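Peer 1:
In the working numbering, the protein residues as written are 436 to 514.
1. Express the C-alpha separation of residue 464 and residue 451 in angstroms, rounding to a whole number.
2. Considering only the alpha carbon of each residue, which of 477, 462, 468 lies closest to residue 498?
3. By how many angstroms is the C-alpha of residue 456 removed from the C-alpha of residue 509?
4. Taking 6 Å as the limit between beta carbons, can you name the residues of its chain near residue 472, skipping five residues before and five after?
5. Given a cut-off of 8 Å, decide if residue 507 and residue 448 are closer than it, judged by their beta-carbon atoms.
And the structure:
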């Protein structure tokens, strides 16, 4: 990777333990941010080289949540 470009930042809604968002797995929740970023910027998902998501782990969530969010958002699995 030679050229690094940050195009926009997006965040998830803030919930509380056992609240209304508790039944949504973190990667599915994060995928909504990825979808919003693609929609807002109009970028072609094929032009994306890497997805980086800052997180702290939800109980039971597997590693590499950025990749899970990206896949749930419908981005190519070649990223």
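For every residue, glycine included, the Cβ atom is placed at its ideal position computed from N, Cα and C. Computed from a prediction, not measured in an experiment: that's the story for all the values here.
Peer 2: So, to answer that:
1. The residue labelled residue 451 in the question sits at position 16 within the chain shown. The residue labelled residue 464 in the question sits at position 29 within the chain shown. So the alpha carbons of these two residues sit roughly 14 Å apart.
2. Translated into positions along the chain shown, residue 498 becomes position 63. Measuring from the Cα of residue 498, the nearest candidate turns out to be 462.
3. By one-based count along the chain shown, residue 509 stands at place 74. By one-based count along the chain shown, residue 456 stands at place 21. The straight-line gap from Cα to Cα measures roughly 21 Å.
4. Counting from 1 along the chain shown, the entry for residue 472 is found at position 37. Contacts found: 443, 445.
5. As a position in the chain shown, residue 448 is number 13, starting the count at 1. As a position in the chain shown, residue 507 is number 72, starting the count at 1. The answer is no: Cβ separation not under 8 Å.
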